[in-house]
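**Q** Residue numbers (our numbering), protein chains in the order written: chain A, 1 to 253; chain B, 1001 to 1253; chain C, 2001 to 2253; chain D, 3001 to 3253; chain E, 4001 to 4253; chain F, 5001 to 5253.
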């Protein structure tokens, strides 16, 4: 592979075309259809005035955020059966990653007796579904909290960090940003990075798919991811729109 | 309730705004996002060259069509947990209805050793999800078969009927077409009708939610449904577009 | 097929030999072994002083009736495995139909904090198990309520309708009443009708097994079903016996 | 408790009224409704020309017998929910006991590639359901094999032993035969014995419900059981009727 | 087989080398790794201040003991898959036997609102796992209760009996004590006996694996088991050590 | 917390006392009880001459390695119920991590039609169970392959890398190696690192438990982990013993 050319014409450090379709469904408190190229993930946030049993009756009260991830049967090139008996290991693992990552966006002690459930359903998959879920999920959480913050029901400080995620990988020795499925299966190293808009790490998951990788390669991949995260955070902010002030001020403040 | 006025301004015999977003996802052989007002059902058709075990090795060979129905957790006003252990009775019942109805559209003996799987996933629910699933599902089946018919792999006669479905109901004594959720919960009688473009019945399911209903009321509801089906079939045909010729000729022929 | 002759010698509009073995088991509050020819369904009614959680603490209180349907493994010509993981779609669908139909027999608001559970277990199957379950189930419900009504614990008006069910079908173009299994598999149209003794519809479920059916055929089938229901209601009344007065008066009143 | 008087008037060594309703259902190869007083167990035997996978392709071929046990929800004084997720420990344990016991009746090496499945479904329970299942199950197995033996398809020697089972227990220090439910819950020691008509043990399961029991008490209980088994075997033989010759000769031979 | 010689050199009436590794894990209230030859079972006892729901709010309060049994996947000669969906019948059956047997060791009415859970996990299996589980389980229960008795929280009388278990079997006509796996699969009769140190029966489970067995053989097996139990109880007592006084006095008292 | 002192007296860069009990069970092809302080994980390797269905019939043939992870109910401070319905997300996630990590140790194309299953069962947990599972699992794999390599059945080159794993974490701002449970719950950052003896990365999983972490902190943690891995690899080599030559030569080659 020519390390400076990608099949879809992108440069090594380019994101795919990114879009956030805000309000894609209307019952959810926050709803975003996040598109990273041909990867489309519907992120719906539900706010309920209840807590899981193990969190009840704490002093002071603490809120919670949980996430679930699933793929529609024909989101993939060939159909996958529905996971009727129990979710597969990969499915649960991604749901747990999304939940952990998005909890880092919140000061749960300011949330009151509320649980946010972030449902990330993949409508169409082409690599990077988990990073699209986290990036779109953060936006949906911000949208769900905004009216509560604007109404004074919740303090703006409940949203303490802006979070995005992106994949990077070594393909033919080159460090690629935001891999699509064909790049993902060819990658020697696969790295998913969740970071804040301030450039700090929330989660780093790196896996050698073939040979192990050295510290230098790791450093190069982390740099590439950090640049991608900055771009994604800018796109999230734009999607929050002109009246995003109250939300973003709390983050900038 | 004033029997000639509906909350959303429709007349008794009006459908909600109907649209079919053809090709909503791109891996599936046929994909349609069917919208009946605020009810949005994604219908994806997969064609596989295999058969369920009980159909294998028949002479002559016979194809099959099966359907599955599910709702996203936040397709509803309040969130419903995912059906992780097993699908609920209602879920399976609707999947079976969709499959039965769409099998009536095909001459399975001309399908060869192929199984069509119709996945109907409700992205947003506002009443009438099963009828949207059948109506959108028929369109997705026609789209999935079209290239095979055009290539001569399958005879045009494999698609023997055009099928659509609609709900009707008695609300305050008035016969309403295509009920939304608020009308559905108020209905004294709930009737789902699956018909062909030629005006014959494929499936009739009528339920008295409160008091039983008489033969006259039943007749009125059936008439109203038949008119709605005619309109839906016209909209399906239009969605098949200018190059729908080969598919529709097989139906008109 | 000669449309006026049936394999077992019945005329088109004949029911199979019907019997209701009242008190077949003795722990249940109401117990009936309903036999429609070779179809034998044991209907046991349990009355419990509790409510499903979603019905608790309503004002005014409302009772509930639910039904479950199952087949013994060797009720059928060849053995079917027990449904150990979860009930099959067909099983749940019939249970839901039986429950819906029998709730129409009751004024739930007069039932107090009670749940009636109607267990319909098929001991031997030869077609029409769901209609035998509903017809026998109504009788078992009446038997279960009778002592409570006679003791004045419940008002007689709690039992507001007499309900029965029967199947009809088009076989070789002829409209047959109460199909056995061999007729059922040959039927072009299969219609299950649940009606009141007063001749009104509670549930209508019609399915084209082969070609769709026209309105005329539908009308003929409905007429045939209505006549069968009248006969079944007369047999239910007889099975309630000489001291059925209190129950039937509430229905006749 | 007066150790010589029982609530239903039986003497200590009396069985309850026993009956075997042969041919209770007609699809099964062998069908018996076994009644031990108010305990009614339907025993249906299915013969299939197949083997479990772990027995296939053995030289010489060996047949198999397996049993399943279940209770209808309202076979008991109060209703028990259906075991939908998986069978309870007790349910599986009894099914395994019935299977083990009835395999002792057969020379599996003469059965060819056949599996006998014995379904024991409790329609009404009043103590001793497992012993009724074994005793009725043996009869149903003999009935299922008889036509194959008579037709010469199987040698008479395939049925090598006559098997019956009975419970005994210590209640108030007295050794009671064939306990009903009220006696069972009061028993200090509960003993289930499976024996051959020739007076040998197939299975012995004794449990101290309260204080442990001594060797003398154990011996008394075993004697009482042996006498009961003799009576049950005589009743089985009578139920096989006048044309039972071929079956019983193989046992008497 | 020479009935006086065994493959591992033991005499017919010899136990395998027995050891109890007390405190094998340190979180459990009582922990014993019981070794019967190559059969190694880890018995961990947990004491919780709660009761199963069906035991709550009784007057006077009553405690409970329950047991669970499981095998590690490679405790056996060939690997067995984990029981992920539900425990197999054999697994549940043994857990129920262990629980029943160990409840006979306690006066539950003196236990207060406490539940003892005895987890018996087979690390390595070579026959006789259930008897090792009961024998080691009793020791773990005694160890778990000792500090509560010594502290005066529970009366010494809560431990009312010393319990052990052993298997015996007929192999080649000879009565063998404590069968290993190779003897177990060769046995014509398999008998598991649970007894008290005082020589009374708690549970007797005898199964004819091939031909049924006579009363004389049964008596011989029971004698052999009783001798083995005496030895096992002596080994349990020794394992309780020099400071076992308070526990054993309550049993000897 | 004083960043240079740990509760158990270790220095920041100290491992806990490590031991590998080789041959802890004897049926498994490779068996190691790995102890990292009070964390005890039993690693059993099974070799089977079969492949998962999706790997069958490949040219050239490729072997496979899979891993399962589980905790005994009382391996933890308080008892956790057995995962009877399905394994929890965390359980599956760790099993997948162990399998991925250990596959990096093998050249699967040299393994023939063999599957290695690595069962990692936690007998006692005190933090770092997944890293103990990987480190002990590698040793068990080497032990399982050794006789096949020595016999010439497999080439020495099948074992291509030596793998170990360790956890590091930031506690009170200090970078700690090999955290026990009390340190784990206090950690601001939790990082699990799987590396080769040659110092390259196989897997890196870092999670901010509280505030996100910067690149400098990440670098410090990675350095600390690398040092720990070197020590663990030396301990693995020693555990392979004097006759480990053939295995280690293949690695040192």
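Cβ coordinates follow ideal geometry from the N, Cα and C atoms, glycine included. None of these values were measured; they are calculated from a predicted model.
Provide the residue span of the alpha helix (DSSP H) that contains residue 227(A), from first to last.
**A** Where residue 227(A) is concerned, the enclosing alpha helix (DSSP H) stretches over 215–240.
**Q** On the three-state DSSP scale, how would you describe residue 3013(D)?
**A** DSSP places residue 3013(D) in coil when its eight states are reduced to three.
**Q** Since residue 168(A) meets chain F, which of its residues come closer than 9 Å, beta carbon to beta carbon?
**A** Going along chain F, no residue has its Cβ under 9 Å from residue 168(A), so there is no contact; the nearest lies around 13 Å.
**Q** I want to know whether the stretch 4202–4215 of chain E touches the stretch 4181–4190 of chain E - three or more CB-CB distances under 8 Å.
**A** Flag = yes, the stretch 4202–4215 of chain E and the stretch 4181–4190 of chain E touch.
**Q** Of all the CB atoms in chain C, is at least one closer than 7 Å to the CB of residue 1092(B)?
**A** Answer yes: the Cβ-Cβ gap between residue 1092(B) and chain C drops below 7 Å somewhere.
**Q** Are there three or more Cβ pairs, one per stretch, closer than 8 Å when the stretch 3096–3106 of chain D is compared with the stretch 3194–3204 of chain D?
**A** Segments in contact, yes.
**Q** Among 2239(C), 2072(C), 2092(C), whose alpha-carbon lies nearest the alpha-carbon of residue 3046(D)?
**A** Residue 3046(D) has its Cα closest to that of 2072(C), out of 2239(C), 2072(C), 2092(C).
**Q** Beta-carbon within less than 6 Å of residue 5048(F)'s beta-carbon, same chain only, minus the 5 sequence neighbours each way: which residues are those?
**A** These residues qualify, in order along the chain: 5115.
**Q** Report yes or no: do three or more beta-carbon pairs, one from the stretch 5026–5044 of chain F and one from the stretch 3226–3245 of chain D, lie closer than 8 Å?
**A** Taking 8 Å as the limit for Cβ pairs, the verdict is that the stretch 3226–3245 of chain D does not touch the stretch 5026–5044 of chain F.
**Q** Is there a Cβ from chain C that is less than 7 Å from the Cβ of residue 1204(B)?
**A** Answer yes: the Cβ-Cβ gap between residue 1204(B) and chain C drops below 7 Å somewhere.
**Q** Can you give the Cα-Cα distance for residue 253(A) and residue 161(A), rounded to whole angstroms?
**A** Low local confidence applies: a pLDDT of 45 at residue 253(A) is under 50, so the model's placement there is unreliable, and no value is given.
**Q** What residues from chain B crowd round residue 2207(C), counting only those whose CB sits closer than 7 Å?
**A** 1100, 1203, listed in chain order.
**Q** Check whether the Cβ atoms of residue 176(A) and residue 15(A) sit closer than 7 Å, and answer yes or no.
**A** No, they are not a contact pair.
**Q** Which residue marks the beginning of the beta strand (DSSP E) containing residue 5127(F), and which one marks its end?
**A** It is not in any beta strand (DSSP E) - residue 5127(F) carries neither H nor E in the DSSP assignment.
**Q** Using 7 Å as the limit for Cβ to Cβ distance, is residue 5277(F) near chain A?
**A** As shown, chain F starts at 5001 and ends at 5253. That puts residue 5277(F) outside it, with no answer to give.
**Q** For residue 3200(D), which residues in chain E fall below 7 Å Cβ to Cβ?
**A** Result: 4212, 4213, 4214.
**Q** Using a Cβ cut-off of 9 Å, pull out every chain D residue sitting near residue 4089(E), in sequence order please.
**A** Near residue 4089(E) (Cβ distances below 9 Å), the residues of chain D are 3087, 3089, 3091, 3092, 3093, 3095, 3096.
**Q** For residue 1201(B), list the residues DSSP reports as bridge partners.
**A** DSSP lists 1195(B), 2213(C) as partners of residue 1201(B).
**Q** Which complete alpha helix (DSSP H) runs does the stretch 2025–2106 of chain C hold, if anything under 4 residues is left out?
**A** Listed in chain order, they are 2089–2103.
**Q** Measure the beta-carbon distance from residue 1128(B) to residue 1179(B) and round it to whole angstroms, keeping in mind my assumption that it falls under 8 Å.
**A** 6 Å between Cβ atoms; contact.
**Q** So is residue 4001(E) buried or exposed if we call it buried at 16+ other beta carbons inside 10 Å?
**A** Residue placement at residue 4001(E) is poorly supported in this model, since its pLDDT is 45, which falls under 50; the coordinates still yield a value, given next. Residue 4001(E) comes out exposed.
**Q** Counting only runs that start and end within the stretch 150–200 of chain A, where is the beta strand (DSSP E) found for 3 or more residues in a row?
**A** With a minimum length of 3 residues, the continuous beta strand (DSSP E) runs that stay inside the stretch 150–200 of chain A are 163–171, 174–177, 189–196.
**Q** Where do the ends of the beta strand (DSSP E) carrying residue 21(A) lie?
**A** It spans 18–22 - the beta strand (DSSP E) in which residue 21(A) sits, taken as one unbroken run.
**Q** Distance check for residue 232(A) and residue 4029(E), CA to CA, integer angstroms please.
**A** So the alpha carbons of these two residues sit roughly 53 Å apart.
**Q** Who are the neighbours of residue 5196(F) on chain A, taking C-beta pairs under 8 Å?
**A** Here the neighbours are 212.
**Q** Am I right that residue 165(A) and residue 34(A) are in contact with their C-beta atoms under 8 Å? What's the rounded C-beta distance?
**A** Contact flag wrong, Cβ pair sits at about 11 Å.
**Q** Compare the C-beta of residue 66(A) with all C-beta atoms of chain B and state if any pair is closer than 7 Å.
**A** Answer no: the Cβ-Cβ gap between residue 66(A) and chain B never drops below 7 Å.
**Q** By the 10 Å Cβ neighbour count, where 16 or more other Cβ atoms means buried, how is residue 5199(F) classified, buried or exposed?
**A** Exposed is the call here.
**Q** Residue 1253(B) by DSSP, collapsed to three states: which one?
**A** Low per-residue confidence applies at residue 1253(B): pLDDT is 45, beneath 50, and the placement is therefore not dependable, though the value from the model is reported in the following sentence. Three-state result, residue 1253(B): coil.
**Q** Give the residues of chain A in contact with residue 5104(F), contact being defined as C-beta atoms less than 7 Å apart.
**A** Under the 7 Å cutoff, chain A gives 208, 212.
**Q** Does any C-beta atom of chain B lie closer than 7 Å to the C-beta of residue 73(A)?
**A** Closer than 7 Å: yes.
**Q** Please report the distance separating the alpha-carbon of residue 5168(F) from that of residue 4118(E).
**A** The straight-line gap from Cα to Cα measures roughly 35 Å.
**Q** Using a Cβ cut-off of 7 Å (strictly closer), state whether residue 4046(E) contacts chain F.
**A** So, interface residue.
**Q** Spatial neighbours of residue 224(A) within its chain, please: C-beta separation below 7 Å, excluding the five flanking residues on both sides.
**A** Excluding positions up to five away in sequence, the list reads 13, 168, 175, 177.
**Q** In whole angstroms, give me the CA-to-CA distance for residue 3057(D) and residue 3065(D).
**A** So the two alpha carbons sit approximately 17 Å from each other.
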